[in-house]
Amino acid sequence: GQTNTKKIFTPRFEDYQKVYDQIAKLLEEHDEYDDGSYGPVLLRLAWHASGTYDKLTNTGGSNGATMRFAPEGDHGANAGLKAARDFLEPVKEAFPWITYSDLWILAGVCAIQEMQGPKIPYRAGRSDRDLSFCTPDGRLPDASKGSSHIRAIFGRMGFDDRAMVALSGAHALGRCHTDRSGYSGPWTFSPTTMTNDYFKLLVEEKWQYKKWNGPKQFEDVKTKTLMMLPTDMEIIKDKSFKQYTELYAKDNDAFFKDFSEAVVTLFELGVPFEQPEDQRYTFKSSFD
Ligand code: CCH
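The opening position of the sequence shown corresponds to residue 27 in our numbering, with each subsequent residue numbered one higher.
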């Protein structure tokens with residue numbers, strides 16, 4: 027009879043840990059980028075790959091890595107994310123068995139953990155899909171809008187108010203770039219370390235409109251070096267959002283726990299996994 031002699035490599039936890047370690051090593055080596063880390067932009071890549079999900083049609087999400095293609099890569103919201111995709115190219119070459127879809131999310135997990143955030147349990151099993159799976163423009167949030175827009179966008183993915191606020195805490199990390207979004211500046215004084223400072227600053231500082239030629243954004247009255255987007259200010263203005271902002275400002279453990287749970291959900295939206303939920307991988311960080 028016929029024998030299938032083709033060897034199929036089935037990656038296991040140890041193999042994904044090796045990919046994690048390689049990304050962590052590159053993060054440490056490339057400290058010349060931005061505020062000293064590619065971590066924030068890697069997290070943004072994983073979020074924008076996932077945040078296109080629509081629960082009604084079960085389209086979009088991290089399964090597919092369709093941002094590799096125009097038109098999705100050229101959507102305004104994705105400006106600048108090529109830096110993150112290019113950063114990961116040598117990792118894809120070193121581990122050709124991993125899909126781009128799994129790699130981008132693993133990089134988001136690695137970025138959070140290496141920037142001293144909570145553990146983010148991970149499942150593999152995403153497959154890369156062609157450009158016919160690109161999502162239409164407009165599925166990611168518009169920073170100039172208000173709370174009803176935030177609820178419409180994140181509600182479409184299936185999130186409630188508490189998870190929306192928890193996820194927003196990612197803005198402890200990174201910055202806005204005038205040549206990407208048009209906005210300018212970081213949210214916190216430590217944009218490469220995951221903290222609950224975003225919530226603390228929203229609660230404790232006074233914010234005013236920044237006087238400049240760019241889009242409407244806020245600056246802290248005291249130092250004028252930090253920023254908030256109009257959508258960020260909704261997290262403290264809206265009554266229901268505000269209760270969670272105040273909770274996370276006081277309780278970093280509550281923030282880390284809720285953030286981790288919400289990010290795991292975000293990263294898995296629309297993915298038909300074989301790996302069971304109770305067998306997710308938890309990666310060792312470089313400093314564990
Ligand atoms: Fe965000 N984000 N984000 N964001 N974001 C920007 C940058 C980062 C919005 C708008 C912007 C999430 C939610 C929202 C990150 C993670 C998350 C920028 C600046 C804008 C604008 C881009 C630039 O100029 O480079 C809006 C609006 C929302 C919701 O309403 C969520 C959710 C996450 C992750 C869980 C990270 C990280 C950055 C920093 C990127 C960098 O390059 O430093």
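By construction, the Cβ of each residue, glycine as well, lies at the ideal position given by its N, Cα and C atoms.
In this text, all values refer to a predicted model and were calculated from it rather than measured experimentally.
- Its chain contains H101 as the residues whose beta carbon lies nearer than 6 Å to that of D163, once the 5 sequence neighbours on both sides are disregarded; these appear in chain order.
- Under the three-pair Cβ rule at 8 Å, the segment 234-247 does not count as touching the segment 179-195.
- The closest heavy atom of the ligand CCH lies less than 8 Å from the beta carbon of G106.
- The Cβ atoms of T257 and H203 lie no closer than 9 Å to each other.
- By the CB criterion at 9 Å, A150 and Y307 fall inside the cutoff.
- Relative to the ligand CCH, the beta carbon of W130 is positioned no closer than 8 Å to any heavy atom.
- The Cβ atoms of V45 and I124 sit closer than 9 Å to each other.
- The criterion of a C-beta distance shorter than 9 Å is not satisfied by F244 and Q43.
- Under a 10 Å Cβ-count criterion, L157 is classified as exposed, with fewer than 16 other Cβ atoms of the shown protein chains found around its own Cβ.
- Straight-line spacing of the CA atoms in P66 and G181 works out to 24 Å.
- Distance check between E303 and each of L71, A137 and V290 places V290 closest, using alpha-carbon atoms only.
- L68 is the residue among D168, F95, D154 and L68 whose C-alpha sits nearest the C-alpha of Q139.
- Taking a 10 Å sphere around the C-beta of G62, we find fewer than 16 other C-beta atoms and assign the residue as exposed.
- Checking the DSSP bridge columns, you'll see Y148 partnered with Y307.
- For Y79, the shortest C-beta to heavy atom distance toward the ligand CCH is 8 Å or greater.
- The ligand CCH has no heavy atom closer than 8 Å to the beta-carbon of G164.
- One Cα belongs to D223, the other to D246, and the distance between them is close to 13 Å.
- Its chain contains H175 as the residues whose beta carbon lies nearer than 7 Å to that of D168, once the 5 sequence neighbours on both sides are disregarded; these appear in chain order.
- In the DSSP secondary-structure assignment, T85 is bridged to D80.
- DSSP places D246 within a strand segment (E or B) once states are collapsed to three.
- The ligand CCH never approaches Y148 closely enough for any of its heavy atoms to be under 8 Å from the residue's Cβ.
- Distance from the CA of K226 to the CA of A196, rounded to the nearest whole angstrom, comes to 13 Å.
- In this structure, Y148 is the residue among Y148, A109 and R111 with its C-alpha nearest to the C-alpha of S286.
- Approximately 31 Å separates the beta-carbon atoms of M141 and T85; this is outside 8 Å, ruling out the contact.
- Rounded to the nearest whole angstrom, the C-alpha separation of K232 and Q269 is 18 Å.
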